[in-house]
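If you read the protein sequences in the order shown, they are chains A, B and C.
At position 51 of the first sequence the residue is numbered 51 (the working numbering), and the sequence of numbers has no breaks.
At position 158 of the second sequence the residue is numbered 158 (the working numbering), and the sequence of numbers has no breaks.
At position 15 of the third sequence the residue is numbered 15 (the working numbering), and the sequence of numbers has no breaks.
See structure below.
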Amino acid sequence: MTAGQVQGQPGWIDEALREHAQHEQAEQLDAAREAPGPGNRRQLPLADREQQVLDRIDRARRRRPRVREERITMSHGAGGKATQTLIEAIFLDTFRNPLLEPLEDAAQLQVNGSRLALTTDSYVVKPLFFPGGDIGDLAINGTVNDLSVSGATPLYLSAGFILEEGFPVADLNRVAESMRDAAAAAGVQIVTGDTKVVEKGKADGCYINTAGVGLIERDVNLGVAGAQPGDAIIVSGPIGDHGITIMLARGELDIEADIISDTAPLNGLVAGLLDAVPSVRAMRDATRGGVATILNEIAKAANVGVLVSEDDIPVRAEVRGASELLGIDPMYVACEGRLVAVVPGGEADRAVAALRAHPLGGQAAVIGHVRAEQPGIVQLKTAFGGTRIVDLLVGDPLPRIC
Amino acid sequence: MRFVDEFRDADKAHALAAKIAALCEPGRRYKLMEVCGGHTHTIYKHGLEDYLPESITLVHGPGCPVCVIPMGRVDDAIHLASQPDVIMTSFGDMMRVPGSGGSFFDANAEGTNIRMVYSPLDSLKIARQNPDKQVVFMAIGFETTAPSTAMTMLRAAREGLTNFSVFCNHVTIVPAIKAILDSPDLRLDGFIGPGHVSTVIGCRPYEFIAQQYGKPVVVAGFEPLDILQSIYMLMVQLSQGRSEVENQYSRVVPWNGNLAALKAIGETMELRPYFEWRGLGFISHSALKVNQEYAAMDAELLFQVPGVRVADPKACQCGEVLKGVLKPWECKVFGTACTPETPIGTCMVSPEGACAAYYNFGRMNRNRVAEVSRA
Amino acid sequence: MCLGIPGEVIELHPEQPDLAKVDVSGVRRMINIGLLVDDPPVPGEWVLIHVGFALSKIDENEAAAAMQFLEGIGQAYEDEIAALRASLIE
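Next comes the structure, spelled out in structure tokens:
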């Protein structure tokens with residue numbers, strides 16, 4: 001490497017600094033206007049200086065999101081911070097309307113006196129066929145689950161296919177049959193669809209898009225914004241099964257394990273829970289981004305703190321082993337047949353019992369609580385006994401070597 | 001998980017914490033540096049600082065091989081990946097590190113083919129499957145990882161693979177520690193020594209720290225009890241006025257290191273006369289390059305690498321964080337202009353980076369252990 | 001330094017002496033044991049795995065000794081706490 005030319009600071013850094021300086025200036029002017037005084041000229045003690053920084057960070061995190069990149073990267077699809085920023089800065093901003101704003105798993109609509117839930121999803125999983133299911137199962141179950149956790153009875157689905165030139169018809173048959181069986185198991189019907197074919201090299205064989213509609217008959221108004229201090233947070237079973245299965249099924253890691261995807265329709269499980277505990281505040285389908293992402297969504301939407309306990313989070317031994325080997329955290333790994341429920345604290349035991357009474361909820365457990373302290377922040381009590389923060393990841397959990 | 005769970009036991013942690021607190025001299029403050037980024041990660045991930053009294057400060061060191069890569073080398077890597085018919089393979093750790101024009105992920109969005117691998121050997125598989133492509137492995141890491149790169153090169157040679165090469169960014173730990181010891185900005189009481197690097201180089205290379213600089217060193221494992229026990233062992237040495245090298249991680253680290261690993265490195269690599277470290281400047285004999293015998297696998301010779309030096313951005317204080325002079329939150333751009341989503345420096349984006357660890361795990365006020373042990 | 005995980009060697013590769021299959025909590029992978037050529041592991045032994053290579057054998061005696069030390073401290077702690085509690089009672 002030559003120690004010759006030296007290049008200066010790249011332009012994007014200057015821009016980032018300028019933008020934040022502008023924000024800080026504006027915020028300081030506001031603060032000065034609200035509480036005029038001699039100012040913090042004196043050097044504060046260490047703990048207070050650190051708290052000042054933490055406050056500054058909190059302000060920065062609450063600012064309006066902006067997409068800085070010029071091109072979409074893989075991080076934007078991972079369900080973490082980059083995805084959130086993209087959705088808020090581009091879609092929410094451009095399409096803005098009160099029905100879209102809650103950004104729950106399904107939109108809740110009023111049509112002629114009936115309450116409907118509407119959801120849409122696209123499935124681009126690779127490989128198409130994996131231990132425990134295939135893209136067809138995911139398509140049906142994922143859509144059913146988004147409707148179920150919104151308190152709706154799932155009724156009708158659409159299925160749009162984008163097929164790659166050269167995709168084997170036998171595989172398409174397999175996928176369609178999986179969808180038929182999954183729909184029957186969930187009690188829904190596929191009532192409309194679409195088919196397109198794109199040139200070889202696109203669509204990874206097969207992409208599926210679905211939309212689903214369900215009827216909200218119960219007198220519930222579910223939404224994470226309703227979480228309150230004292231509420232219990234429950235997970236319906238062991239986490240991370242699906243994401244690890246897919247990672248291993250891709251074959252690049254050369255890891256074998258008896259882990260299969262947990263893809264399953266949760267409408268029966270949800271019905272059992274709502275029958276026993278009508279006062280459930282919110283439910284979420286734990287998919288990409290994992291349980292950690294949902295906890296952060298709760299904290300942010302309701303402006304509450306969340307405290308969970310590592311010892312209480314169910315994880316299969318093999319999922320843990322694979323995660324440790326790769327250096328990833330199961331809390332961020334996708335599930336496809338698990339829900340996270342927020343229920344009033346006093347109802348926690350009843351909720352867990354109701355979940356455990358259903359075959360898909362056998363290992364349901366309370367993993368933590370909502371609290372008033374540290375709003376917007378998710379904390380974890382580690383198995384070791386210390387505490388740490390659980391933030392959103394920017395993109396996918398990446399296997400690390402360090 | 002065996003050899004893992006028992007070293008995460010909370011009850012034993014309480015016991016050790018009490019012992020550590022009891023060893024603190026009233027009125028004295030202790031600064032212990034954990035050299036390895038892996039230790040920094042464990043400390044924050046498990047909330048270990050909750051077990052330490054206020055008088056003990058853990059200072060984060062430069063042992064994060066991703067963090068110390070200067071921006072110019074990231075640009076060089078992307079330049080390599082942009083060459084026709086090149087597939088670059090890289091560990092996940094590097095994928096979001098920002099170069100002048102973006103990260104590996106951004107480069108992929110612009111058309112490069114940089115693929116994540118778990119092991120350098122996976123690069124050989126890709127090379128075999130793509131005989132018409134050139135596979136360049138982005139090699140990073142301290143002496144922990146260099147032997148794996150070396151073994152991969154040896155295997156490639158045995159197989160007669162002609163489309164595999166290495167862009168070598170391996171660095172060595174001792175010069176970095178020496179730079180810290182010679183730095184006037186920092187006064188440390190002891191070192192939590194590198195764990196996995198020591199499986200390769202052994203514990204002897206740290207003897208100069210104890211003998212010439214008079215600071216105790218305890219080679220530590222990566223589970224939270226390992227680190228807590230190492231802190232205890234350091235405090236015992238300090239209370240007894242000793243400065244020695246001890247091996248807490250004896251279940252994994254052999255005192256004499258791994259000869260086969262050192263041999264593999266010796267066969268395929270050699271020390272560079274100097275190498276630029278982010279924040280620490282140029283350090284002599286601190287990094288490895290592919291040696292002459294294996295020149296056919298040296299990506300820097302096979303391809304023209306621009307080698308433009310990009311000055312550490314003025315706003316970026318990674319250098320001071322790496323040296324332990326600044327805590328992550330003391331960096332002026334920490335958490336505002338520089339976040340994990342919009343990183344300016346490597347410390348914020350490396351899984352082992354102190355800033356990433358503090359932002360992602362540790363961003364909170366703590367109730368520390370009282371100095372007088374209470375039930 | 002970097003990520004290293006303990007795994008149990010469950011079988012050696014029949015044809016390639018530098019490969020072995022390890023098990024980590026039920027998850028299995030073939031890894032390269034070439035760095036342990038001076039004292040190759042056999043099934044039942046544990047190794048430290050890093051980027052697909054075994055860097056070192058885990059010395060079970062040392063591990064047991066480490067645990068004993070920690071348990072000893074733990075026991076002393078328990079005794080102290082018990083003593084403290086006893087002294088608080090009336």
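Glycine is no exception: its CB is placed at the ideal position from the N, C-alpha and C atoms.
Alpha carbon of residue i to alpha carbon of residue j, nearest angstrom
i               : j               : result
G205 of chain A : Y123 of chain A : 12 Å
S150 of chain A : I162 of chain A : 28 Å
P314 of chain A : K45 of chain B  : 18 Å
G279 of chain B : S100 of chain B : 16 Å
G136 of chain A : L147 of chain A : 17 Å
F91 of chain A  : T245 of chain A : 31 Å
A422 of chain A : P238 of chain A : Past the boundaries of the shown model lies residue 422 of chain A; chain A is included only from 1 to 402, so the question cannot be answered.
E217 of chain A : I401 of chain A : 50 Å
I49 of chain C  : R28 of chain C  : 12 Å
L181 of chain B : D93 of chain B  : 28 Å
S183 of chain B : E320 of chain B : 11 Å
N40 of chain A  : F334 of chain B : Residue placement at N40 of chain A cannot be trusted, given a pLDDT of 48 that sits under 50; the coordinates are not used to answer.
E373 of chain A : P344 of chain A : 17 Å
L52 of chain B  : A21 of chain B  : 7 Å
P313 of chain B : P10 of chain A  : 8 Å
A66 of chain C  : R251 of chain B : 8 Å
G142 of chain A : A264 of chain A : 8 Å
Residue i burial status per 10 Å Cβ neighbour count (16 or more: buried)
i               : result
K126 of chain A : exposed
A150 of chain B : buried
L32 of chain B  : buried
Q16 of chain C  : exposed
D226 of chain B : buried
E101 of chain A : exposed
F53 of chain C  : buried
K19 of chain B  : buried
S279 of chain A : exposed
E293 of chain B : exposed
V197 of chain A : exposed
R316 of chain A : buried
L46 of chain C  : One point to set straight first is that residue 46 of chain C is Trp, not Leu, in the sequence displayed. By the neighbour-count rule (16 or more Cβ atoms within 10 Å), W46 of chain C is buried.
S90 of chain B  : buried
G141 of chain B : buried
L36 of chain C  : buried
E297 of chain A : buried
P26 of chain B  : exposed
Chain A contact residues for residue i, given Cβ-Cβ distances below 8 Å
i              : result
S56 of chain C : Here the premise fails: no neighbours, minimum Cβ distance about 16 Å.
V74 of chain B : Those within 8 Å of V74 of chain B in chain A number zero; the least Cβ separation is about 11 Å.
Expected contact under 8 Å - CB spacing of residue i and residue j to nearest Å
i               : j               : result
L80 of chain B  : F167 of chain B : 6 Å
C318 of chain B : G345 of chain B : 4 Å
D11 of chain B  : G74 of chain C  : 6 Å
A315 of chain B : I57 of chain A  : Contact flag wrong, Cβ pair sits at about 16 Å.
D231 of chain A : H369 of chain A : 7 Å
I231 of chain B : I192 of chain B : 7 Å
I87 of chain B  : V135 of chain B : 5 Å
Listed by chain order, chain B residues near residue i by CB distance under 9 Å
i               : result
G391 of chain A : Strictly speaking, residue 391 of chain A in this sequence is Asp, with Gly absent from that position. Within chain B, the residues near D391 of chain A are P340, Y359, N360, F361, R363.
M74 of chain A  : M95, F105, N108, A109
Contacts that residue i makes with chain C (C-beta to C-beta distance below 8 Å)
i               : result
D258 of chain A : G26
Y118 of chain B : V51, G52
S250 of chain B : D59, E62, A65, A66
I255 of chain A : V27, R28, R29
Listed by chain order, chain A residues near residue i by CB distance under 7 Å
i              : result
V51 of chain C : I401
Partner residues on chain C for residue i, Cβ-Cβ distance less than 9 Å
i               : result
D262 of chain A : Here the premise fails: no neighbours, minimum Cβ distance about 16 Å.
N258 of chain B : L35, L36, D38, L55, S56
Contacts of residue i in chain B (Cβ-Cβ under 7 Å)
i               : result
P6 of chain C   : R2, F3, V4
G113 of chain A : Chain B residues near G113 of chain A: none, gap ~43 Å exceeds 7 Å.
A170 of chain A : What A170 of chain A touches in chain B: nothing, since even the nearest Cβ is about 25 Å away.
If contact means a Cβ-Cβ distance below 7 Å, which residues of the region 310–334 of chain A contact chain C? A317, E318, R320, G321, A322, E324, L325, G327
Interface residues of the region 119–145 of chain A facing chain B [CB-CB below 8 Å]: none
Output, in sequence order along the chain, the residues in the region 16–48 of chain C whose CB is closer than 7 Å to any CB in chain A. V24, S25, G26, V27, R28, R29, M30
Can you pull out the residues from the region 146–170 of chain A whose beta carbon lies closer than 7 Å to at least one beta carbon of chain B? none
Closer than 7 Å, Cβ to any Cβ of chain C: which residues of the region 132–158 of chain B, in chain order? G141, F142, T144, T145, P147, S148, M151
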